[in-house]
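In the numbering used here, the protein residues as written are 29 to 143.
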C-alpha cells in the first residue's frame, strides 16, 4: 500500500487549506475519510488489469448532479501506468455534499477509464 501512504502524504502536506470554501471542505473530507480512499486503492490493486497502476492526481469539481438546496462536489482520483504512459488512466469518483456542517457522501463511487 505504498501508493496509499503516498496519497495521504500528498493530501496532508500539499493540499493544506482552512476549509472555508466548499471545494476545500470536500477535499478535507476526502483526506479524512481514509476508508473510502483505501477501498479505491485496494480495488485498483486487486484488479489484474490495473495492478501496475499508481496514484496520479486528485481533482475536486462542482458536481453537475445534486439534490436541491445542496452543495455537491465530485472528488476524482486518477491512476496511471508508469511503465506505459500511453495507456488510458483509471479514475474513481465519488460525490460529497458539503452544504451542512458535516459533509456527507452522496451516492455510490463510480470507476471508469479516462484517456
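Heads up, the beta-carbon is just placed ideally off N, CA and C, and yes, glycines get one too.
With DSSP as the reference, label residue 83 as helix, strand or coil. strand
Mind checking who residue 100 pairs with in its DSSP beta bridge? 125
List the residues that DSSP assigns as beta-bridge partners of residue 139. 120
Ignoring anything shorter than 3 residues or poking outside the segment 31-90, list the beta strand (DSSP E) runs there in chain order. 82-90
Backbone CA spacing between residue 115 and residue 76 [nearest angstrom]: 15 Å
So, do the segment 66-76 and the segment 86-99 have three or more beta carbon pairs nearer to each other than 8 Å? no
Close beta carbons around residue 79, own chain, < 7 Å, minus the five adjacent residues each side: 73
Quick check: residue 107 and residue 84, are their CB atoms within less than 7 Å of each other? yes
Residue 131: buried (16+ other C-beta within 10 angstroms of its C-beta) or exposed? buried
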